[in-house]
Structure formats: C-alpha cells, structure tokens
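Residue 212 in the working numbering sits at position 172 of the sequence shown, with consecutive numbering throughout.
Don't be surprised by glycine CBs; every beta carbon is placed ideally from N, CA and C.
Because the structure is a prediction, the values reported are computed rather than measured.
Below is one structure; the comments refer to it alone.
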Amino acid sequence: MHRLFVGLRPPAPIRASLIEAMGGVPGARWQSDEQLHITLRFIGEVDSRAADDAALALASVRAAPLDLRIEGVGLFDKRGRTNALWAGVRPHDAIAALHRKIDQALVRAGFGAEGRAYLPHVTLARMGGGAGAPDRWLADHAGLSSAPFAIGHFMLFESHLGQGGASYDAVERYRLAG
Numbered sequence: 041m042h043r044l045f046v047g048l049r050p051p052a053p054i055r056a057s058l059i060e061a062m063g064g065v066p067g068a069r070w071q072s073d074e075q076l077h078i079t080l081r082f083i084g085e086v087d088s089r090a091a092d093d094a095a096l097a098l099a100s101v102r103a104a105p106l107d108l109r110i111e112g113v114g115l116f117d118k119r120g121r122t123n124a125l126w127a128g129v130r131p132h133d134a135i136a137a138l139h140r141k142i143d144q145a146l147v148r149a150g151f152g153a154e155g156r157a158y159l160p161h162v163t164l165a166r167m168g169g170g171a172g173a174p175d176r177w178l179a180d181h182a183g184l185s186s187a188p189f190a191i192g193h194f195m196l197f198e199s200h201l202g203q204g205g206a207s208y209d210a211v212e213r214y215r216l217a218g
C-alpha cells in the first residue's frame, strides 16, 4: 500500500526562515526541513494500481506557475485541543485554483472528492496531549511573512509514518506551465 498526497515544496530559503520561527512551545514536535511542504490534496492509502492511476491523472493538470508568500500563523484543533501549528500561504485564490484542478483530475480518475475546505499552509509543529499552550508563540509570530517565491512544479509524494514522524519521498514531479 502507498500513502499518497500532492504537494509543493517551498524553496530552501523560505524553509530556513520557517525553521527559524520554530521553538518555544514545550512538547511541540517541530517539523524538520525535509517535512516542510504545502499539501494540495491528500489521497490516502492506495494500492499500486491506484497509485499509478493517480500519477497519470495528475499529469493532465494544466496550470500556470505560482507566486506565493508565507503570511501569518495559526493552529488546527480538534475538540478544543491544539493538534498543529502552521504558517499561512498566500495568495489563497491562486493556490486554491490549483487545488481544485488537482482534485477534479483525481475525481475523474475515480478517487473521492476532497471533503474539507482547503486552507493552504505549511505545518510547522504537531502537538500531542502533553504540549504546552501555543498562545505566546502565536502572538509572537502573528506577523510571520516571507518575500514572494515562485513555484514551477507540484509533486506526488509518498508518506511513510515512523517513530520520528512522517518522512516523504517525491514519486513524480509535474511542471506548472500554464
């Protein structure tokens, strides 16, 4: 079985600036450079045939390169408990349009539609039950931003879950050319 998702990798200088913002929340599991990405579409656990179908479907996606920037921070919670800290990605419309094209290509290939609203972000930390409150970190980093950066391709990734968190392997790369 293959655990797949479609995503973008910010350039190294952007990832380095995100790493500089990490720290200061006891018990948070901060992401490594290799883990920093922007998810466009989670596919999930699939067999080899479905993985090939997904790769083929993604090759049909046509979109222009993106000019993005990091802007702001936030959190995800479940039942009032914070489970992740993230940095926002803007402009929302441009990346959301690419997300929709990818979702539509995968739906045409027989995959279920994305069921949740899309919020472009880079996960910076995972939070377990024993993690400290992130309020101070959120306030200190509310103005987090980056210079604009160009993205010329998206990728199909395979995720491997392990003791130290997830690791990701790029399976296929798709050029954004308009």
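Buried or exposed (CB count within 10 angstroms, at least 16 for buried), residue i
i           : result
residue 66  : exposed
residue 203 : exposed
residue 187 : exposed
residue 89  : exposed
residue 106 : buried
residue 138 : buried
residue 102 : exposed
residue 156 : exposed
residue 173 : exposed
Of the listed residues the options, nearest to residue i (C-alpha basis)
i           : options               : result
residue 46  : 144, 121 and 56       : 144
residue 119 : 205, 213 and 169      : 169
residue 76  : 64, 191, 189 and 165  : 165
residue 55  : 74, 63, 200 and 64    : 74
residue 141 : 177, 99 and 178       : 99
residue 49  : 205, 200, 201 and 193 : 193
residue 72  : 84, 205 and 212       : 205
Whole-angstrom distance between residue j and residue i, CA atom to CA atom
i           : j           : result
residue 29  : residue 70  : Because the chain in this structure spans residues 41 to 218, residue 29 falls outside the shown range and cannot be described.
residue 146 : residue 52  : 29 Å
residue 181 : residue 167 : 17 Å
residue 113 : residue 126 : 6 Å
residue 122 : residue 116 : 6 Å
residue 158 : residue 133 : 11 Å
residue 131 : residue 191 : 13 Å
residue 207 : residue 58  : 18 Å
residue 220 : residue 64  : This structure cannot speak to residue 220, because the chain is shown only from 41 to 218.
residue 177 : residue 68  : 11 Å
Secondary structure of residue i, DSSP reduced to three states
i           : result
residue 210 : strand
residue 159 : coil
residue 57  : helix
residue 72  : coil
residue 98  : helix
residue 113 : strand
residue 81  : strand
Residues near residue i by beta carbon distance below 6 Å, same chain, minus five either side
i          : result
residue 42 : 86, 91 and 198
residue 82 : 45
Neighbourhood of residue i by C-beta distance below 7 Å, restricted to the same chain and skipping five residues each side
i           : result
residue 129 : 78, 108, 110, 135, 160, 161 and 162
residue 154 : 81 and 143
residue 210 : 195 and 197
residue 184 : 61, 110, 112, 113 and 127
Other residues of its chain near residue i: CB distance less than 8 Å, five sequence neighbours each side excluded
i           : result
residue 149 : 93, 94, 96 and 97
residue 200 : 43, 206, 207, 208 and 209
Test: residue i CB closer than 8 Å to a CB of chain D
i          : result
residue 81 : The structure shown contains no chain D, having only a single protein chain.
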